[in-house]
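Comments concern the structure below.
Protein chains: 2
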Amino acid sequence: MEPSAETHHDLQKSLRDIEELLSRQQRVEDLVRRQAMPRHDLVETLVHKQHLVELQSKLDHLHPADIAFILEALPLDERLLVWGMVKADRDGDILLEVSDAVRESLIETMAPAELVAAVEQLDTDELADLAPDLPSQVMEDVFRGLSTEEREQLRAAISYPEGSVGALMDFDLVSVRENVSLEVVLRYLRLFDELPNHTDQLFVVDREEHLRGVLPLNVLLINDPETEVAALMQVDAFSFTPTDEADHAAQAFERYDLVSVPVVDDKGKLLGRVTVNAVLDHIRETTEAEQLAQAGLREEEDIFASVWDSVRNRWVWLALNLVTALVASRVIGAFESSIEKLVALAALMPIVAGIGGNSGNQTITMIVRAIALGKVGLDSERRLFRKELNVALINGLLWGGLLGLVAWGLYGNWRLGLVMTSAMTLNLALAASVGVIVPMTMQKLGRDPAIGGSVMITAVTDSGGFFIFLGLATLFLI
Amino acid sequence: MEPSAETHHDLQKSLRDIEELLSRQQRVEDLVRRQAMPRHDLVETLVHKQHLVELQSKLDHLHPADIAFILEALPLDERLLVWGMVKADRDGDILLEVSDAVRESLIETMAPAELVAAVEQLDTDELADLAPDLPSQVMEDVFRGLSTEEREQLRAAISYPEGSVGALMDFDLVSVRENVSLEVVLRYLRLFDELPNHTDQLFVVDREEHLRGVLPLNVLLINDPETEVAALMQVDAFSFTPTDEADHAAQAFERYDLVSVPVVDDKGKLLGRVTVNAVLDHIRETTEAEQLAQAGLREEEDIFASVWDSVRNRWVWLALNLVTALVASRVIGAFESSIEKLVALAALMPIVAGIGGNSGNQTITMIVRAIALGKVGLDSERRLFRKELNVALINGLLWGGLLGLVAWGLYGNWRLGLVMTSAMTLNLALAASVGVIVPMTMQKLGRDPAIGGSVMITAVTDSGGFFIFLGLATLFLI
């Protein structure tokens with residue numbers, strides 16, 4: 004066994020090899036084109052063929068997830084060339100792995116019959132994941148090819164909303180009865196060609212498929228084969244229902260180090276299971292969506308997306324921020340006569356607005372995280388409010404005081420310095436208040452406190468900062 | 004088996020129950036204090052005792068991870084009360100689970116002998132995780148209690164840097180020889196009291212402990228017990244070395260749906276294994292650190308941290324942002340005479356700066372993510388650069404044009420509108436350039452492109468936006 008293991012570097016190397024092959028092939032095509040050789044002759048070229056054979060063999064040795072990675076890293080034309088060379092029986096697995104944007108680009112090029120052939124080999128829970136992206140005709144054809152049980156599973160899997168345990172669930176499970184011996188279980192397992200991935204436990208059910216307990220493989224393996232399942236099964240094990248929140252399920256997997264968990268309906272009937280790999284994918288998708296949302300990106304941009312797609316993906320955020328900037332601009336506009344009399348105000352006002360935005364974002368980040376982890380009861384609001392206000396006051400006196408001195412030094416006007424210090428302190432207090440109140444209120448209203456808070460903070464601290472600073476200056480300096 | 008499964012809600016309920024018990028107890032204490040009853044009489048109060056018994060029984064039924072959660076959610080005095088009531092033999096497991104800030108607060112209250120007793124039951128890889136937080140005297144005592152093999156493991160585990168596979172590794176593994184039958188393996192496993200958690204495969208080694216392959220339990224269970232291990236073991240399975248990057252290992256777990264992976268040294272000798280639960284924890288810690296870093300929070304703030312701790316945690320970021328704001332302020336200061344002549348400039352300039360910051364952050368978020376996923380070769384720089392510039396130009400003409408019209412409408416000066424449009428377009432182009440160049444350059448220099456990019460973008464687009472807008476205005480309007 005090779006102690007290679009540099010999996011990431013290996014994958015990078017595969018990508019570079021394939022890019023190299025593609026670019027060599029491009030050079031051959033260019034050469035041929037310059038000689039005005041017709042396209043079908045080119046395809047016959049020996050060199051060209053040799054590259055394609057090499058490419059084909061490389062692809063055949065890669066895991067579907069790795070091919071998905073490479074497809075995502077290639078520009079559209081090269082991506083479609085590679086996609087065309089992938090063995091048809093792997094298409095389904097690869098479609099499951101690629102990002103939404105790339106999946107769309109691949110599905111567009113496939114004939115309905117090809118698509119049906121690609122996806123009909125998938126498990127029903129995987130089919131449900133792809134369903135929203137497939138033409139309805141394709142889904143109907145696939146549906147007709149399923150057994151009654153599979154149709155029921157597929158209907159159920161599609162019906163669970165994103166973010167629920169049902170959407171993470173698969174139907175690959177091995178169940179046993181409680182009144183048999185381990186010896187019988189062991190012989191039963193030998194009838195399988197293979198066990199489902201992530202089988203760390205067998206599910207013990209009664210005649211009506213009600214979950215009675217679980218039998219971890221670890222327990223099965225270390226105990227005397229004569230023992231009955233009932234004597235060893237764990238009856239207080241975890242289970243989920245399909246409507247439980249996926250986020251909570253993920254927290255349970257992390258907290259209790261789980262590998263698979265049974266999913267049961269209201270009556271305790273075993274429906275399926277959730278495995279740790281589905282949870283890993285869920286966590287990754289959730290954090291990625293959050294990262295993108297923070298910069299106002301509505302969806303993952305394929306790196307090779309067209310300029311127009313990028314503009315469309317980003318415009319809502321820019322428009323929203325422009326509106327808040329315009330409001331802030333009108334606040335300044337209301338004080339134009341003060342600025343005309345004391346132009347130093349124009350230079351100093353962005354500092355007051357800026358520190359409010361930065362500090363408010365720190366507060367909201369802390370609180371949103373604490374809410375997400377379930378650590379903030381509604382009764383903590385006053386305590387947190389007081390703490391954040393105190394932090395704001397200290398920072399105001401500290402940084403506000405410092406900047407007040409700077410303003411005094413720059414403009415030789417101590418009253419301007421005093422206005423600067425007061426405005427910064429007040430804007431920090433405003434930022435702290437909004438940073439606590441906005442996420443707590445959103446939580447009370449049952450909305451996601453992570454969304455939109457940052458824009459709101461910046462809007463308030465910009466307009467508020469300008470208003471406080473220019474207002475104080477107008478009152479005391481003009 | 005109960006179809007309960009609302010694990011998250013259950014935990015919230017436990018927390019509320021405990022808070023309720025603590026507050027009832029507080030009321031008894033208050034009552035007693037008002038009657039000036041001496042403290043030791045209070046402890047004897049029946050009501051008080053009853054609450055504590057109830058609390059104790061609740062705690063005894065909770066998983067260590069749940070007790071950790073509750074300790075984190077309680078203010079310091081109540082936290083220490085609960086901590087004192089936890090059975091001593093669970094202290095070690097709980098210390099492993101709590102956040103750094105809370106762990107510190109708990110360790111501070113424990114006598115060295117208590118600490119030694121708490122941690123000496125842990126595995127060596129867990130000990131290594133706690134080691135940085137333990138007093139050196141405690142570590143020495145624990146070290147003396149270890150076997151030679153354990154000492155070696157502990158030394159190794161401590162030596163691997165954070166972020167390496169070595170730091171995720173544990174030493175709980177079951178290894179077998181290749182020249183025995185499955186029957187022998189099954190009998191060998193029955194000698195164990197229990198198998199290590201996350202044992203989804205056995206490691207096949209030779210006499211010198213070199214890894215020869217792996218035997219998944221799934222394979223062990225479905226095959227004829229007469230078969231030899233050598234005939235069934237997988238020789239091309241994954242392995243890591245301790246110096247591999249933890250992030251890459253995590254990507255492999257996600258990509259290939261792994262549960263455990265062996266770790267070998269340069270010569271192929273089996274050292275330990277990485278399991279999916281360690282990977283889950285690693286992913287969570289990494290994304291949390293990123294989220295905090297984005298708002299300039301240096302570490303997780305315990306929700307009940309003191310005001311001073313919060314100020315210390317946040318000041319670097321505020322200071323850094325104040326410096327960049329001060330630079331921007333001096334840029335404006337250089338154009339004060341222009342603003343005095345045309346005060347509309349003061350009201351419009353934050354719009355120009357703001358759109359640059361927002362758009363630049365979108366660009367840098369896209370590119371940092373693409374780099375992290377390994378999808379951007381160094382040769383993609385020019386392509387990305389061109390694309391982002393095009394997006395900037397379109398947005399400039401679109402939003403810049405719109406705001407130009409607004410400025411014209413507001414101030415009745417079409418030349419001011421034209422300057423507005425040009426300045427916004429140029430600042431968007433500047434943002435796009437910096438958004439591509441900064442992360443790509445950091446990657447080339449081998450530094451983490453995710454850190455500091457956002458501050459740099461905002462600094463450049465603020466100062467740059469003011470300079471471009473006021474500069475153009477001074478040239479063409481004044």
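Taken in order, these protein sequences are the chains called Y and F.
Read left to right, the first sequence gives residues 4 to 481 (this note's numbering).
Read left to right, the second sequence gives residues 4 to 481 (this note's numbering).
The C-beta atom is built at its ideal place from N, Cα and C for all residues, glycine as well.
In the same chain as Ser313 of chain Y, and ignoring 5 residues on each side of it, the C-beta atoms closer than 8 Å to its own belong to Glu304, in chain order.
Here the alpha carbons of Thr424 of chain Y and Leu400 of chain Y stand approximately 7 Å from one another. With a cutoff of 7 Å on beta-carbon distance, Pro115 of chain Y and Val141 of chain Y are scored as near each other. Interface annotation, Phe388 of chain F: not in contact with chain Y, CB-CB separation never under 7 Å. Counting along the chain, the unbroken alpha helix (DSSP H) around Val232 of chain Y starts and ends at Val232 to Leu235. At least one CB atom of chain Y sits nearer than 7 Å to the CB of Ile335 of chain F. Assignment of Ser242 of chain F by DSSP, reduced to helix, strand and coil, places it in the coil class. Contact between Val89 of chain F and Leu62 of chain F holds, since their C-beta atoms are separated by about 6 Å, short of 8 Å. Contact annotation: Ile471 of chain F and Ala410 of chain F have beta-carbon atoms that are not nearer than 7 Å. Boundaries for Thr112 of chain F: no beta strand (DSSP E) harbours it, and the DSSP string shows neither H nor E there. The secondary-structure analysis by DSSP pairs Gly474 of chain F with nothing; it has no beta-bridge partner.
Contact of Leu392 of chain Y with chain F is not assigned, every C-beta pair being separated by 7 Å or more. When Cβ-Cβ separations below 7 Å define contact, Leu480 of chain F makes no contact with chain Y.
Residue contact with chain F for Val310 of chain Y: present (Cβ-Cβ distance below 7 Å to some residue of chain F). Pairing Val355 of chain F with Gly169 of chain F gives a Cβ-Cβ distance that is not under 7 Å. From the beta-carbon of Lys378 of chain F, the residues of chain Y found nearer than 9 Å are Leu18, Phe72, Glu75, Ala76 and Ile306. Of all alpha-carbon atoms in F:Val422, F:Gly166 and F:Asp175, the one lying nearest the alpha-carbon of Gln156 of chain F is that of F:Asp175. Ile110 of chain F and Arg210 of chain Y have their C-alpha atoms spaced approximately 52 Å apart. The continuous alpha helix (DSSP H) containing Ser332 of chain F extends over residues Val310 to Gly336.
Within the model, the alpha-carbon separation for Thr244 of chain Y versus Arg276 of chain Y is close to 10 Å. For His285 of chain Y, the secondary structure class from DSSP, reduced to helix, strand or coil, is helix. Judged by pairs of C-beta atoms under 8 Å, the stretch 122 to 134 of chain F does not touch the stretch 325 to 338 of chain F, as fewer than three such pairs exist. With respect to the C-alpha of Val217 of chain Y, the residue from Y:Ser178, Y:Lys447, Y:Asp227 and Y:Ala292 having the closest C-alpha is Y:Ser178. If you look at Pro265 of chain Y, you'll find it in the beta strand (DSSP E) that goes Ser263 to Val267. For Val208 of chain F, the enclosing beta strand (DSSP E) starts and ends at Gln204 to Val208. In this chain, the alpha helix (DSSP H) harbouring Gly359 of chain Y covers Ala347 to Ala375. Judged by beta-carbon spacing, Ile225 of chain F lies within the 7 Å limit of Arg193 of chain Y, meaning their Cβ atoms are closer than that value. Between Glu391 of chain F and Thr366 of chain F, the gap from beta carbon to beta carbon is short of 7 Å. According to DSSP, residue pairing for Gly216 of chain F in a beta bridge involves F:Val207. Contact annotation: the stretch 315 to 324 of chain Y does not touch the stretch 446 to 453 of chain Y, with fewer than three C-beta pairs closer than 8 Å. Trp311 of chain F sits exposed, since fewer than 16 C-beta atoms from the chains shown fall within 10 Å of its C-beta. For Gly275 of chain Y, the enclosing beta strand (DSSP E) stretches over residues Leu273 to Thr278.
Taking a Cβ-Cβ cut-off of 7 Å, Ile374 of chain F has no neighbours in chain Y, whose nearest Cβ is about 10 Å from it. Looking at the DSSP output, Val179 of chain F shares a beta bridge with F:Val207. DSSP places Asp196 of chain F in the coil class of the three-state scheme, outside both helix and strand.
Closest by C-alpha distance to Trp417 of chain F, out of F:Gly438, F:Phe479 and F:Trp402, is F:Phe479.
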